[in-house]
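Sequence lines, in order, name chains S and V. Okay, so the first sequence: first residue is 1 according to our numbering, each after it adds one. Okay, so the second sequence: first residue is 1001 according to our numbering, each after it adds one. Here the structure is laid out as C-alpha cells; the discussion comes afterwards.
2 protein chains.
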Amino acid sequence: MVNGQLTVDAKLAKRVRDAIREMGYLPNLQARALGSGRSRVLGLIISELTNPFYPELVRSFEDLAETSDFEIMLGSVIHKNDEHLNRFVRRLVQRRVEGVAVMTFRADWDYLHELILHNIPLVTIDAAAPRARCLVVEVDYRSGIDQAIQHLALLGHRRIAFVSGPLQHFTNQARRDAFLDSVRKVGLRAKDTPVYEGDHTFEAGAAAIGHFLSLRDRPTAILSSNDLTAVGVLRGLSERRMQVPEEISVIGFDDIHMAEFAHPPLSTVRMSREDLAAAAFQGLMRLTQHSSPYAPEPIRVKTQLVVRQSTGPQTNAVTAKADSARRTGTAAACSGE
Amino acid sequence: MVNGQLTVDAKLAKRVRDAIREMGYLPNLQARALGSGRSRVLGLIISELTNPFYPELVRSFEDLAETSDFEIMLGSVIHKNDEHLNRFVRRLVQRRVEGVAVMTFRADWDYLHELILHNIPLVTIDAAAPRARCLVVEVDYRSGIDQAIQHLALLGHRRIAFVSGPLQHFTNQARRDAFLDSVRKVGLRAKDTPVYEGDHTFEAGAAAIGHFLSLRDRPTAILSSNDLTAVGVLRGLSERRMQVPEEISVIGFDDIHMAEFAHPPLSTVRMSREDLAAAAFQGLMRLTQHSSPYAPEPIRVKTQLVVRQSTGPQTNAVTAKADSARRTGTAAACSGE
DNA sequence: GGTGCTCAAGAAAACGGTTTCTCAAGATGC
DNA sequence: GCATCTTGAGAAACCGTTTTCTTGAGCACC
C-alpha cells in the first residue's frame, strides 16, 4: 500500500500516510538496498575537483542522479596515488554501485580492473575500456574546432598556432588532429600552423607564447587545447605588452568559468558539461537495464565556439590600438555565432 | 579472524586471506551498515560546487573521510529550490548518515529540521544551529583582515574602502565589522573607510568601483569581502585604464585559484579550506563519539594575508607608471608576510 | 455442491553482514 | 578433586527492507 497501489480506500490511505509522516518514519535505504539487491548508488570518477572543468559536470550529473533517486560516490583520480585509487575503486564495489561514469580523459584502465572483475557497467569518455558492458561518450572535437578556425579565417588570420596538451593522451591527439584537419580545410599549410606541446597548465601558456614569438613568421592567432593554458597565453602576452585581440587573437577550449572573467574575456570552444553529464548518465541507465553483454552505440557530444573578446580581425600593424576595428570585428564575429 | 585477531596460525591466516582475495570477495557495506547500525557515511552540505571556494574544501574533506573509511554524500544548497533541498536532506536521513557538515555561510536552519529531528550530529560555520549535538567552526576573520589593513597602512594608504557581501548574512557582517575594527586600530576615521554593499558577484566589483571613484576623496586601496568581487574590481579598474597597484591597491578575501591567475595576481586574505575541512571533520568525529547531549567548544580557524602583486605603496601621482616603486613595494610587502 | 482457478493478505525466507547468546573445554583456586 | 571462572567457537538472533511462499477466501464453471 505504502508503495502506491490503489486497493484500499483513498481516505484511509491518506490517514495512514499522514501517521507515517507524523512519526518521522523514513525507510532505511541500506536495508532496502540489501533486500532488493539494488543499491541506487552510482560512481563518478573525475580527474580532480579543483580543475575548473569538473564542478559543473559533477553538478549536472548529481542533478540527474537525484531526479532518478540515485546517490553518487565521487572520486578524483589525479591527486591520488595508486594505493588510494585502488581503495576508492574497491569501495565502489563494496557499496555495490550499479554503474560508474569514468569522466577522466586519460585512457588507462588498470585501476578499474576491480570494476571489470565484478562486471559493473562503465561509461567512459573518448575511448572504451576493453570489456563488455562499457559504453563510450565520444566528444566531437571537430565541430567546435572547425567553427573556431573558420571564425579566425573569416577575420583574415592566415597563421594560426596550436597549443596542445600532453600528446601521450589520446584525447589530446584527437584535439590536435582536429586542429590540423581544420586548418588544412581552410587552406593553410603546415609551416603556418605550428603546434606547441604543453601540459594544460597555466604556465604552459606563457611558455608557448615565448616559443611562438621567437618564430620568424609569428602566428597572428592562437588556439589552445584548454582554457587554463589560454589564460596563461593571455598573461604571457600582457606581460609582453601585446594587445589582445588587436595584435593577436586567442581562443581557448572547454569554456570554464574563468574564461568569462579573463582579460579580455576569452573566446573559446565550449564542451558542454551538461551534455557530457547527460550522456554519461543516460549511458549508465541504458547499461543497467540490460544485464547481458550488451554493446550499445557510442553517444556523441558536440562542441561549439563561443565568441567573446579575445578574437579580432588580423592586422599588420604591430602597435596599432585598433580599437574601433576591434569593435566591428567583435560584432561581426558575434553575429556569426 | 578475518577482522584481524591473532589467535590462529599466521601462515594459515595468510592462506585464507589469499583465498578470499582470489575469489574476489569484498564485504557488502550495506549489510555491514545494517547489522552494525553504523553507516560510515557523512553528509557534506555546501553552497555550490561551481563557487570556486568549495572544490578544495570538498577535496580535503573527502581525503579525511577516506582515511577514516567514511563515504560522503555531497549536496549543494544554492541552485536547489526548497523542494529539492528537502529531498536531499531526507535522503541523508534515509542513508542514515552519522553526521553532517554544513559548510555554507548562510544562517538559516529551516531546511535542516529533518536532521535535527533525528538527532544527527551537525557541524556548522560561524553560527550554531539551535540544538544539541551541534558544533561550530568559528572563522577568525579578524586575524587576516588585521594583517591586510596593517599591510596597506604600512604602504602608506590612509583611505581604504571595503566591498562587503549582502549584509543580511551573519558572516558578511562579521567580515565588515572586522574591517571596521581594523581600520580604527590603525587610526583611520569613518569618512576615510567607506563601505559598499555588494552581492559577492563579479559584477558587484565593477559597480563598487563606479561608486568609489565618484567619491570626493577617492580611496587609494580597496579590500573586498571575497575574491570574485575583487577580480571584478580589477576588471572595472582596467576598463577605466587605471593601473593596479600603481594608482590603487586591491585585496581580496578567500584566496581562490582565480586570485593567482588574475591580472595582476591578487593579494588576498586566505581562508584555508584545508583547515576548514579538518575542523569540520574533527568536529563530527568528536560529536559521533559522544551520543549524549554534548556541547563542545567551538573550533577556531584562522585567516591569513597572502601578498601578491595587486598591492603597492600609496602614491599621489594619478597617472605615474611607478614601476620601480611598485617592485620595491611588492618586495617589502612579501618580506612582511 | 464439488472442483479448479484467481487473487490478495499475511507469514516466512532471504539479503549479508554484526552482535549476542550458549555451551563446553580448559584454566584457576581452594 | 571439585566448584568456579575464563575463554573461544559455533549457533542463533537481529538489522529493516524486499521477495517469495502459503493459505484461505471468493468466484465461475461443470
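For each residue, glycine too, the CB sits at the ideal point set by N, CA and C. Note that the structure is a prediction, hence the values are computed from the model and not measured.
### Boundaries of the alpha helix (DSSP H) in which L305 (chain S) is found, first to last residue
Taken as a continuous stretch (DSSP letters only), L305 (chain S) belongs to no alpha helix (DSSP H), being part of the beta strand (DSSP E) at 299-306.
### Task
Could you pull out every unbroken alpha helix (DSSP H) segment of at least 4 residues lying fully inside the segment 144-216 of chain S, listed in chain order?
Taking only runs of at least 4 residues, the alpha helix (DSSP H) segments lying wholly in the segment 144-216 of chain S are 170-185, 202-213.
### Query
Terminal residues of the continuous beta strand (DSSP E) containing I1046 (chain V)?
Counting along the chain, the beta strand (DSSP E) containing I1046 (chain V) begins and ends at 1041-1046.
### Query
Who are the near neighbours of G1004 (chain V) in its chain, counting only those whose CB is closer than 8 angstroms to its CB and skipping five residues on each side?
Low confidence applies to G1004 (chain V): its pLDDT is 45, below 50, so where it sits in the model is not reliable, and the reading given next is rough at best. Excluding sequence neighbours, G1004 (chain V) sits near nothing in its chain.
### Query
Is it right to say Q309 (chain S) is buried, meaning 16 or more other beta carbons lie within 10 angstroms of its own, or is it exposed?
Counting Cβ neighbours within 10 Å, Q309 (chain S) comes out buried, since at least 16 surround it.
### Secondary structure of E246 (chain S), DSSP reduced to three states
For E246 (chain S), the three-state secondary structure derived from DSSP is coil.
### Query
Does the beta carbon of V231 (chain S) come closer than 8 angstroms to any beta carbon on chain V?
Using beta-carbon distances, V231 (chain S) counts as an interface residue toward chain V, with a partner under 8 angstroms.
### Message
Against chain S, with Cβ distances strictly below 8 angstroms, would G1236 (chain V) count as a contact?
### Response
Answer no: the Cβ-Cβ gap between G1236 (chain V) and chain S never drops below 8 angstroms.
#### Entry: Inside the segment 1086-1144 of chain V only - alpha helix (DSSP H) runs reaching at least 4 residues
Restricted to the segment 1086-1144 of chain V, the alpha helix (DSSP H) segments that are unbroken, complete and at least 4 residues in length are 1113-1117, listed in chain order.
### Run of the beta strand (DSSP E) containing T1268 (chain V), from where it starts to where it stops
Per DSSP, T1268 (chain V) belongs to the beta strand (DSSP E) from 1267-1271.
### Query
Between V1016 (chain V) and the rest of its own chain, which residues show a CB-CB distance below 6 angstroms, the 5 nearest in sequence each way excluded?
Answer for V1016 (chain V): no residue qualifies.
### Message
Counting only Cβ pairs nearer than 8 angstroms, list the residues of chain S close to T1050 (chain V).
### Response
Within 8 angstroms Cβ-Cβ: P55, E56, R59, H257.
### Task
Using DSSP bridges, identify the partner residues of G75 (chain S).
Looking at the DSSP output, G75 (chain S) shares a beta bridge with S:I45.
### Query
Is the segment 1263-1278 of chain V in contact with the segment 1223-1234 of chain V, if contact means three or more CB pairs nearer than 8 angstroms?
A contact between stretches requires three or more CB pairs, one per stretch, nearer than 8 angstroms, and the segment 1263-1278 of chain V meets this requirement with the segment 1223-1234 of chain V.
### Query
Using a beta-carbon distance cut-off of less than 7 angstroms, what residues from the segment 1153-1175 of chain V approach chain S?
Interface annotation for the segment 1153-1175 of chain V against chain S: empty, criterion Cβ-Cβ distance under 7 angstroms.
### Task
For T50 (chain S), count neighbouring Cβ atoms within 10 angstroms of its own Cβ and tell me buried if that reaches 16, exposed if not.
Answer is buried; the Cβ neighbour count reaches 16.
### Message
Tell me the rounded alpha-carbon separation between G1075 (chain V) and E56 (chain S).
### Response
Their Cα atoms are separated by approximately 13 angstroms.
### Query
Counting pairs of beta carbons, one from the segment 1146-1166 of chain V and one from the segment 1107-1125 of chain V, are three or more of them closer than 8 angstroms?
Contact fails: fewer than three Cβ-Cβ distances are below 8 angstroms.
### Query
Going by the beta-carbon positions, is the gap between A280 (chain S) and M103 (chain S) smaller than 8 angstroms?
Contact: yes.
### Message
Just to confirm my understanding: we take E1048 (chain V), look at its own chain, exclude 5 residues before and 5 after, and list those with CB closer than 8 angstroms. What are they?
### Response
Once the five neighbours on either side are set aside, the close Cβ partners of E1048 (chain V) are Y1054, S1076, V1077, I1078, H1079.
### Message
Quick check on V1093 (chain V) - is its C-beta less than 8 angstroms from some C-beta in chain S?
### Response
Answer yes: the Cβ-Cβ gap between V1093 (chain V) and chain S drops below 8 angstroms somewhere.
### Query
For N1172 (chain V), is the classification buried or exposed, using 16 other Cβ atoms within 10 angstroms of its Cβ as the cut-off for buried?
Buried: at least 16 other Cβ atoms inside 10 Å.
### Query
Mind pulling the chain S residues with CB within less than 9 angstroms of S1076 (chain V)?
Within 9 angstroms Cβ-Cβ: R59, E62.
### Query
So, using beta-carbon positions, are G144 (chain S) and T303 (chain S) closer together than 8 angstroms?
Their beta carbons are under 8 angstroms apart, which means G144 (chain S) touches T303 (chain S) by this criterion.
### Query
Out of curiosity, what's the CA-to-CA distance linking T178 (chain S) and E203 (chain S)?
Going by the sequence as given, residue 178 (chain S) is Ala instead of Thr. Roughly 24 angstroms between the two C-alpha positions.
### Message
Quick check on A1221 (chain V): does DSSP put it in helix, strand or coil?
### Response
In the structure shown, the three-state DSSP call for A1221 (chain V) is strand.
### Message
Per DSSP, what are the beta-bridge partners of F1253 (chain V) in this structure?
### Response
Looking at the DSSP output, F1253 (chain V) shares a beta bridge with V:V1269.
### Message
Spatial neighbours of P298 (chain S) within its chain, please: C-beta separation below 6 angstroms, excluding the five flanking residues on both sides.
### Response
The beta carbon of P298 (chain S) is closer than 6 angstroms to those of V136, E138 in its chain, skipping five residues each way along the sequence.
### Query
If you compare alpha carbons, which of V:P1245, V:P1130, V:P1121, V:T1315 is closest to V1307 (chain V)?
Of the listed residues, the one whose Cα sits closest to V1307 (chain V) is V:P1245.
### Query
Between E48 (chain S) and the ligand MG, is the CB less than 7 angstroms from at least one heavy atom?
For the ligand MG, the structure offers nothing, since it holds no ligand at all.
### Within chain V, the residues that A279 (chain S) reaches when beta carbons sit closer than 7 angstroms
Correct list: empty, because the minimum Cβ distance to chain V is about 19 angstroms.
#### Entry: Beta-carbon contacts of G284 (chain S) that lie in its chain and below 7 angstroms, excluding the five residues immediately before and after
Residue identity check: residue 284 (chain S) is Leu in the sequence provided, not Gly. Cβ-Cβ distances below 7 angstroms link L284 (chain S) to L42, G99, A101, P121, V123 in the same chain, with the five nearest sequence neighbours on each side left out; the list follows chain order.
### Residue closest to Q1168 (chain V), alpha-carbon to alpha-carbon, out of V:H1084, V:D1063, V:G1198, V:R1142
Of the residues V:H1084, V:D1063, V:G1198, V:R1142, the one whose Cα lies closest to the Cα of Q1168 (chain V) is V:G1198.
### Query
Which residues of chain V have a Cβ atom closer than 9 angstroms to the Cβ of S267 (chain S), listed in chain order?
Among the residues of chain V, none has a CB under 9 angstroms from the CB of S267 (chain S); the nearest is roughly 17 angstroms distant.
### Query
Less than 8 angstroms separating the beta-carbons of T311 (chain S) and S238 (chain S)?
Their beta carbons are not under 8 angstroms apart, which means T311 (chain S) does not touch S238 (chain S) by this criterion.
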